[in-house]
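As C-alpha cells, the structure follows; a few thoughts come after it.
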Amino acid sequence: MIPLCIPNISGNEGAYLAECVESTFVSTVGPFVNTFEEMIAAASGASRAVATSAGTTALHAILHHIGVGPGDHVIIPALTFIATANAVSHCHGTPIIADVDEERWGLDPIVVEDILRNESTRDAQGVLRLDETGGAIKAIMPVFAMGLPADMDALRVLADEFDLFLVADAAAAIGARYKTRPLAQMGADYTAVSFNGNKLITAGGGGAILCPTPEAASEIKHLTSTARVGGAYDHDIVGFNYRMTNLQAAVGVAQLERLEDFLQAKKRISNRYEEAFSGIRSLLPFPSTDESEGSLWLSGIYAPMASLAQMDALRAQLVQTGIEGRTFWKPIHQQTPYLACPVALTGRTDKIWQRVQPLPCSTQLTSQEQEQVIDVVKSCFA
Ligand SMILES: *Cc1c(COP(=O)(O)O)cnc(C)c1O
C-alpha cells in the first residue's frame, strides 16, 4: 500500500535513541530535551521554546497560561482538527466556531471582526462579552491549515484593538514563512507546534510552545512540569505533567537535522501534483499565497465543483489500487461535543471539507509511486 503520510526515520533517530538507553536518560529530563528546545527556537525564530508531550497539551498549557477559564470564549476556525477545540474545553471554556477565508482556509478576519464588533459588548468592567452567551472573549486562535499561515497581520490588528491574545495553532507548520517571517514572528503571542507522526517533523509524539519572552517561557516550563519549586516536593500552583521525554526529543533532534531536506521533498511532491493536474480545470491544488510559504506537510487536491458521489468514487478507486485514501478533517461545528457552540459560519468550511482529497506525500514517496497516484486521480476526473 502507498501510505498517505508516514514518518521518515532513516537519519540519526536510532543512534540517538540508543544514546538515551545507554545513558539511562529515557524520561522527562535529559540532554536531548534541551537540544530539541534550542533547535525549535532557532528554526522558528522564537525567544524560547518549551517542549511538551503533544500539540494538544501545548495548546492547553498556552490557553491556561493566558487565563482562559470556565465560561470563557476563544474564537477558532471551523476547519481544523478536533484538538484545537478540545484545548478550549480542557480549560472549561467554549469555542466560538468561525469560518475560514477562501485564500488560505485560515480563520477569516472579516468573520472575526463581525463577531467582535457586532456580536459582542464591553461590560461595565471593560470585559468583552459575546452577546449570545455572556461569556468573556479571551483569545483569537487561528490554525495554519495545510501548514499555510492564516491572515496574521489582519488578526493581529483585531487582537490589539479588542485587547485579546492571539494564539496560533501551527501544529503542522514548522518551517512555514509569513511575509518572510519565521513561525514565532508571525504576530501571535504564543504558537503551538505538534510533532505527531503525521506532521512534517515527528518526535514519535510531542509538541512545543513558542514563547515571546524568556520570562513567559520560564512560567510555561514551570506550569508544564508539575510546578515544582526547589528540590523537595513543593509545588506553588496546580501544574500539569506535560513534559516531553528524552526519548521523544532524541527522535525530534534527529528529525530537525533534516528539516530543510523534508521541506524540499514536500515542495517537490506538491509541485509535481500541481503540475500533473494543472490541465484539469475541476481540480485545484491546496491554497497558497504570495505572502507565505507553507510547510506543505499535506498534499492533495481540492475539487470545488465535484459531487460527493464523485469524491467517494475517487476514494474508492484510490483504496482499490492500493493507495491510502482518507477523508479530511470533519468540521468542528459538526462534531458531537461542539454542536451547541456559538458559530459564525459563511458556508465555506461546509463547502470545502468533503471536496478535499489528501494524497500520498511522505517525504520518501518515490516518483514512480507518485505517478501511480496521479494516474488514478486523472482516471476519475479526466
Ligand atoms: C495534529 C494537530 C493538533 C494536535 O497535535 P497532537 O500532537 O496530535 O496533540 C492540533 N491542531 C492541529 C491543526 C493539528 O493538525
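Numbering (our numbering), first residue to last: 235 to 616.
The beta-carbon is built from N, C-alpha and C at its ideal position, and this holds for glycine as well.
Worksheet item: Can you find a heavy atom of ligand 1 that lies under 7 Å from the Cβ of residue 352?
Response: For the purposes of this step, residue 352 is taken as residue 118 along the sequence shown, with counting starting at 1. No - ligand 1 has no heavy atom lying nearer than 7 Å to the Cβ of residue 352.
Practice prompt. Report all residues from its chain with a CB closer than 7 Å to the CB of residue 521; omit the five preceding and five following residues, and keep chain order.
Written response: Here residue 521 refers to the residue found at position 287 of the sequence shown. 337, 338, 339, 380 and 382, listed in sequence order.
Discussion item. Since residue 538 and residue 589 should fall inside the 8 Å C-beta cutoff, what is the C-beta to C-beta distance between them, to a whole number of angstroms?
Written reply: Counted from its first residue, the sequence shown places residue 538 at position 304. Counted from its first residue, the sequence shown places residue 589 at position 355. Rounded, the Cβ-Cβ distance is 6 Å, consistent with contact.
Practice prompt. In the DSSP assignment, find the beta strand (DSSP E) that holds residue 367 and state where it starts and stops.
Written response: Within the sequence shown, residue 367 is the residue found at index 133, counting from 1. Segment: none, residue 367 is in no beta strand (DSSP E) and carries neither H nor E.
Worksheet item: Is residue 423 near residue 401, with beta carbons less than 8 Å apart?
Response: To locate residue 423, count along the sequence shown from 1; it is residue 189. To locate residue 401, count along the sequence shown from 1; it is residue 167. Taking a C-beta distance under 8 Å as the contact criterion, residue 423 and residue 401 qualify as a contact pair.
Item to complete: Could you check the C-alpha separation between residue 607 and residue 560 for me, to the nearest Å?
Response: By 1-based counting over the sequence shown, the position of residue 607 is 373. By 1-based counting over the sequence shown, the position of residue 560 is 326. Answer to the nearest angstrom: the Cα atoms are 14 Å apart.
Worksheet item: Is residue 279 helix, strand or coil by DSSP?
Response: The sequence position of residue 279 within the sequence shown is 45, counting from 1. Assignment of residue 279 by DSSP, reduced to helix, strand and coil, places it in the coil class.
Worksheet entry | Residue environment, residue 498, which counts as buried when at least 16 other CB atoms sit within 10 Å | In the sequence shown, the residue the question calls residue 498 occupies position 264. Burial call: exposed.
Practice prompt. Under 8 Å by Cβ, that's how I've got residue 548 and residue 614 pegged, so tell me the actual separation to the nearest angstrom.
Written response: Within the sequence shown, the letter at position 314 stands for residue 548. Within the sequence shown, the letter at position 380 stands for residue 614. Right, their Cβ atoms sit about 5 Å apart.
Worksheet item: If you measure from the CB of residue 583, is any heavy atom of ligand 1 nearer than 7 Å?
Response: Counted from its first residue, the sequence shown places residue 583 at position 349. Residue 583 Cβ: outside cutoff for every heavy atom of ligand 1.
Worksheet item: Does DSSP classify residue 595 as helix, strand or coil?
Response: Residue 595 sits at position 361 when you count from the first residue of the sequence shown. In this structure, residue 595 counts as coil in the three-state DSSP scheme.
Practice prompt. Return no unless some Cβ of chain C is closer than 8 Å to the Cβ of residue 433.
Written response: Among the protein chains of the structure shown there is no chain C, as only one such chain exists.
Practice prompt. Kindly identify the DSSP beta-bridge partner or partners of residue 481.
Written response: Sequence index remark: in the sequence shown, residue 481 carries index 247 (1-based). None, per the DSSP bridge assignment.
Worksheet entry | Beta-carbon proximity list for residue 385, same chain, < 7 Å, skipping 5 on both sides | Reading the sequence shown from its first residue, position 151 is the one you call residue 385. Result list for residue 385: 335, 338, 340 and 343, in chain order.
Worksheet item: Do the segment 429-448 and the segment 477-497 meet, that is, are 3 or more Cβ pairs less than 8 Å apart?
Response: In short, these stretches touch, since the Cβ pair count reaches three.
Worksheet entry | Opposing strand residues paired with residue 445 [DSSP bridges] | Along the sequence shown, one-based indexing puts residue 445 at 211. In DSSP, residue 445 forms a bridge with 282.
Worksheet item: Exposed or buried, residue 609, counting other C-beta atoms within 10 Å across all chains shown (16 or more means buried)?
Response: In the sequence shown, the residue the question calls residue 609 occupies position 375. Residue 609 should be labelled exposed.
Item to complete: Could you tell me the boundaries of the beta strand (DSSP E) in which residue 561 lies?
Response: As a working note, residue 561 is residue 327 in the sequence shown. Here residue 561 belongs to no beta strand (DSSP E), and DSSP marks it neither H nor E.
Discussion item. Mapping the DSSP letters down to three states, classify residue 406 as helix, strand or coil.
Written reply: The sequence position of residue 406 within the sequence shown is 172, counting from 1. Note: residue 406 maps to coil in three-state DSSP.
Item to complete: Grab me the residues of residue 357's own chain with a C-beta within less than 8 Å of its C-beta, minus the 5 sequence neighbours each way, in chain order.
Response: Counting from one through the sequence shown, the residue named residue 357 turns up at place 123. Excluding residues within five positions, the ones whose Cβ falls inside 8 Å are 363.
Discussion item. Less than 7 Å separating the Cβ of residue 333 from some heavy atom of ligand 1?
Written reply: If you number the sequence shown from 1, residue 333 lands on position 99. It does not: the Cβ of residue 333 is nowhere closer than 7 Å to a heavy atom of ligand 1.
Discussion item. Shorter than 7 Å, the distance from the beta carbon of residue 500 to the closest heavy atom of ligand 1, or not?
Written reply: Looking up residue 500 in the sequence shown gives position 266. Here the distance from the Cβ of residue 500 to the nearest heavy atom of ligand 1 is not below 7 Å.
Fill in: Reduced DSSP category for residue 384 - H, G, I as helix; E, B as strand; rest coil
On the sequence shown, residue 384 is found 150 positions in, with the first residue counted as 1. In the three-state scheme derived from DSSP, where H, G and I count as helix and E and B as strand, residue 384 is classed as coil.
Worksheet item: Are the beta-carbon atoms belonging to residue 595 and residue 503 less than 8 Å from one another?
Response: Position 361 of the sequence shown, counted from the first residue, corresponds to residue 595. Position 269 of the sequence shown, counted from the first residue, corresponds to residue 503. Yes, these two residues count as a Cβ contact at 8 Å.
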